[in-house]
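J.: Chains as they are written, first to last, in this note's numbering: chain A, 1 to 250; chain B, 1001 to 1406.
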């Protein structure tokens, strides 16, 4: 009896060691592919950046828009366009290296294992979800700041609350999209998102419509009654007779 | 009376050398571009101009002129184009039209009048024409405003132009302008670099960097067309953004040390208006600033140094009766925002939106001067002097933005 148990344990350890031994070359191949292509990506990124600087890519891109006022073509990032392009190229090479590494990882297994058939698509979905999250966070911060500044300039007392609500709306939407992209949770995620999103919208509506009713009406009254408020016409004809002087900013 | 810009011409205008020489009869000395107006207004305007101009001195260009109307006291020609009707100020397209008229008629100078030009006294137009004939490259009027008028100009446009471009021109964003041929050509070149004809341009700074001479003429009261945009926030963003773009484009010029603009040779135009009826506005404006401080403090901390933030915090705790933003603080705030605009510290639209409440705080600080024109003029001068004094701060931060700045 004891010998049989010992034999079974030795057999199982032997099988695990075989699996690990067959796994290690694939892992090393994966790491080598990622490292080599990262180095290649860094070199290509440096060359691209030098090329874009030589052709004055940044100046041409910013001059294409309206220089008079910020608009759709305004470059919002603190990073220069050429620097961002170089970074995108670098990370593309890293992703290609990861894809090559996964294929090499699969090649180290037996011919019928087909690991990469399952792993590679999920890896791309994972990359897509990460990109989705990054874009969603950027958009959420941008929209929150826009709403905050606009609400403050409109002298709304609940400006910060409004900005926070918008930010979380976008973040919740982004998280739901990312989870759906990864095929995690399925209907549960969709249902939870619907409940959460609807709850946030309902909360905002109740807070603004009912809970802050007096605050909103005072803000609206002040905005409508104040002759020198920021939403007032920016200038009036000087020749017109005014019963009461007003601020004329222009 | 004309007052001087400190930036005298180092490159004398060719017209100045021939100012006294006779002009060929088929070549007008001056082309005067009128905006679009009704036939009755055009007739009255021509009659008024005929009292100060001889027919041989000027050629009037009007988009409404028809050959079939009765003979005019002055020679008139028609011009067409998408920018015949000026906006509340002259834009790039208007300067292009003016330059094209000067080129077409081979005139020595061109004078472009803005909307409601009929309210501009003919004597002022004559003064501007005489300055152009004497060789001055750019003449702009200086208007008499009410105590509540032109606050953005007083807070931002005039002090910045005076400090950075050494041009003591009261209204750098021109409603009317007179230009020599070379000045008009330069404005045309400027338009060529802009993608939109409705873009704002800054003729005073253009003249400064080209070493052209600039003069202003006291124009008294003039009706000014209000901006098409009624939303103050949008308009302020457009004007301030255009100014910051201009500052950024001309950084190599204003970073060099230049002599400060001397005091105006004549008293500034007296402001109309008497009693201060804005006292009841002050508490609400102070409340608005406090709201902005509570909500935008994090954004301001990305742009302003700790010293300015501390001053703003103290200001937010001040009672309305004592609410006053120091001129030096306002100057540093404007310069810090101009630098952040250049460095793209954050989205430019957000940046200019965050500047709006600070401007309104400055406007609230000036309310107590509205009842006293002399005090208002003194405050305007102090603001301009503060911008000149803090120019070294801007130059230092522009060159070394990462250096420690308390």
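All residues carry an ideal CB built from backbone N, CA and C; glycine is no exception.
Buried or exposed: where does residue 1158 of chain B fall if 16 or more other Cβ atoms within 10 Å of its Cβ makes it buried?
T.: Buried, because 16 or more other Cβ atoms sit within 10 Å of the Cβ of residue 1158 of chain B.
J.: Would residue 1 of chain A be called buried (16 or more neighbouring beta carbons within 10 Å of its own) or exposed?
T.: When all chains shown are included, residue 1 of chain A counts as exposed.
J.: Excluding sequence positions up to five away, which residues of its chain have a Cβ less than 6 Å from the Cβ of residue 1394 of chain B?
T.: Here the set comprises 1335.
J.: To be precise: take each residue of the region 1348 to 1359 of chain B, compare its Cβ to all Cβ atoms of chain A, and keep it if any distance is under 9 Å. Which residues remain?
T.: For the region 1348 to 1359 of chain B, which is checked against every Cβ of chain A, the residues closer than 9 Å are 1348, 1349, 1350, 1351, 1352, 1353, 1354, 1356, 1357 and 1359.
J.: Give the DSSP-derived three-state secondary structure of residue 1077 of chain B in the structure shown.
T.: In the structure shown, residue 1077 of chain B sits in a strand (DSSP, three-state: E or B).
J.: Check distances from the C-beta atoms of the region 156 to 171 of chain A to those of chain B and list, in chain order, the residues that come in under 9 Å.
T.: From the region 156 to 171 of chain A, only 156, 157, 159, 160 and 163 have a Cβ closer than 9 Å to chain B.
J.: Which one of B/1035, B/1027, B/1173 and B/1355 has the shortest CA to CA distance from residue 1104 of chain B?
T.: It is B/1027 whose Cα lies nearest to the Cα of residue 1104 of chain B.
J.: Would residue 1405 of chain B pass as an interface residue toward chain A - the criterion being a Cβ-Cβ separation below 8 Å?
T.: No - not a single Cβ of chain A is within 8 Å of the one on residue 1405 of chain B.
J.: Under a three-way DSSP split, which group does residue 1324 of chain B fall into?
T.: Coil at residue 1324 of chain B, not helix or strand.
J.: Answer yes or no: does any C-beta atom of chain B fall closer than 8 Å to that of residue 149 of chain A?
T.: Residue 149 of chain A counts as touching chain B.
J.: With a threshold of 8 Å, are at least 3 pairs of Cβ atoms found where one atom belongs to the region 1305 to 1313 of chain B and the other to the region 1339 to 1356 of chain B?
T.: With a cut-off of 8 Å, the region 1339 to 1356 of chain B and the region 1305 to 1313 of chain B do not count as touching, because too few Cβ pairs lie within range.
J.: Indicate whether at least one CB of chain B lies closer than 8 Å to the CB of residue 60 of chain A.
T.: Cβ-Cβ to chain B under 8 Å: no for residue 60 of chain A.
J.: Helix, strand or coil for residue 1051 of chain B? Go by DSSP, reduced to three states.
T.: DSSP places residue 1051 of chain B in coil when its eight states are reduced to three.
J.: Which of the residues in the region 1134 to 1150 of chain B, read from start to end, lie with their CB under 8 Å from any CB of chain A?
T.: Against chain A - using a Cβ distance shorter than 8 Å - the residues of the region 1134 to 1150 of chain B are 1145, 1146, 1147, 1148, 1149 and 1150.
J.: Anything in chain B within Cβ reach of residue 83 of chain A, meaning under 9 Å, just list it in chain order.
T.: Ordered by position in chain B, no residue passes the 9 Å Cβ test against residue 83 of chain A, which lies about 12 Å from the chain.
J.: Please state whether DSSP places residue 1060 of chain B in a helix, a strand or coil.
T.: It is a strand residue.
J.: Listed from N- to C-terminal order along the chain, which residues in the region 38 to 53 of chain A have their beta-carbon within a distance smaller than 9 Å of any beta-carbon of chain B?
T.: Those residues of the region 38 to 53 of chain A that come within reach of chain B (Cβ to Cβ, closer than 9 Å) do not exist; the list is empty.
J.: Whole angstroms are fine: how far does the CA of residue 1178 of chain B sit from the CA of residue 1169 of chain B?
T.: C-alpha separation (whole angstroms): 14 Å.
J.: Taking DSSP as the reference, what is the three-state secondary structure of residue 1196 of chain B?
T.: In the structure shown, residue 1196 of chain B sits in coil (DSSP, three-state: anything other than H, G, I, E or B).
J.: With a 10 Å radius around its C-beta and 16 neighbouring C-beta atoms as the bar for buried, classify residue 121 of chain A as buried or exposed.
T.: Under this definition residue 121 of chain A is an exposed residue.
J.: Would a C-beta distance cut-off of 8 Å place residue 1338 of chain B and residue 1244 of chain B closer than the cut-off?
T.: Cβ atoms of residue 1338 of chain B and residue 1244 of chain B: closer than 8 Å.
J.: When you compare the CB positions of residue 1114 of chain B and residue 1076 of chain B, do they come within less than 8 Å of one another, or not?
T.: Their beta carbons are not under 8 Å apart, which means residue 1114 of chain B does not touch residue 1076 of chain B by this criterion.
J.: Comparing C-alpha positions only, which one of B/1290, B/1296 and B/1364 sits nearest to residue 1325 of chain B?
T.: When each option's Cα is compared against that of residue 1325 of chain B, the closest is B/1364.
J.: Quick one: give me the first and last residue of the beta strand (DSSP E) that residue 158 of chain A is part of.
T.: No beta strand (DSSP E) holds residue 158 of chain A; DSSP gives it neither H nor E.
J.: Give a yes or no on whether 8 Å exceeds the smallest Cβ distance from residue 218 of chain A to chain B.
T.: No - not a single Cβ of chain B is within 8 Å of the one on residue 218 of chain A.
J.: If you draw a straight line from the alpha carbon of residue 1189 of chain B to that of residue 1175 of chain B, how long is it in whole angstroms?
T.: The alpha-carbon atoms of residue 1189 of chain B and residue 1175 of chain B are separated by roughly 20 Å.
J.: Measure how close the beta-carbons of residue 179 of chain A and residue 189 of chain A come, nearest whole angstrom, since I'm counting them as under 8 Å.
T.: With a Cβ gap of about 5 Å, residue 179 of chain A and residue 189 of chain A count as contacting.
J.: What does residue 247 of chain A touch in chain B if you count any residue whose Cβ is under 8 Å from its own?
T.: Ordered by position in chain B, the residues that pass the 8 Å Cβ test against residue 247 of chain A are 1148, 1151, 1278, 1281 and 1363.
J.: Answer yes or no: does any C-beta atom of chain A fall closer than 8 Å to that of residue 1233 of chain B?
T.: Judged by the 8 Å Cβ criterion, residue 1233 of chain B is in contact with chain A.
J.: Given residue 1161 of chain B, which residues of its chain have a CB within under 7 Å of its CB, disregarding the five upstream and five downstream residues?
T.: Excluding residues within five positions, the ones whose Cβ falls inside 7 Å are 1167, 1169, 1172, 1204 and 1205.
J.: If you measure from the beta carbon of residue 142 of chain A to each beta carbon in chain B, is any gap under 8 Å?
T.: At least one chain B Cβ lies under 8 Å of residue 142 of chain A.
J.: Does the region 1108 to 1128 of chain B come close enough to the region 1216 to 1228 of chain B that 3 or more CB-CB pairs lie under 8 Å?
T.: The region 1216 to 1228 of chain B is in contact with the region 1108 to 1128 of chain B.
J.: Locate the alpha helix (DSSP H) running through residue 11 of chain A, then write down its first and last residues.
T.: Here the alpha helix (DSSP H) through residue 11 of chain A covers 2 to 54.
J.: From this set, B/1036, B/1152, B/1080 and B/1071, which residue's C-alpha is nearest residue 1383 of chain B's C-alpha?
T.: The shortest C-alpha separation from residue 1383 of chain B is found at B/1152.
J.: Compute the Euclidean distance between the alpha carbons of residue 135 of chain A and residue 1301 of chain B, then round it to the nearest angstrom.
T.: Residue 135 of chain A and residue 1301 of chain B: Cα-Cα distance of roughly 25 Å.
J.: For the beta strand (DSSP E) that residue 1216 of chain B lies in, which residues bound it at each end?
T.: Counting along the chain, the beta strand (DSSP E) containing residue 1216 of chain B begins and ends at 1214 to 1220.
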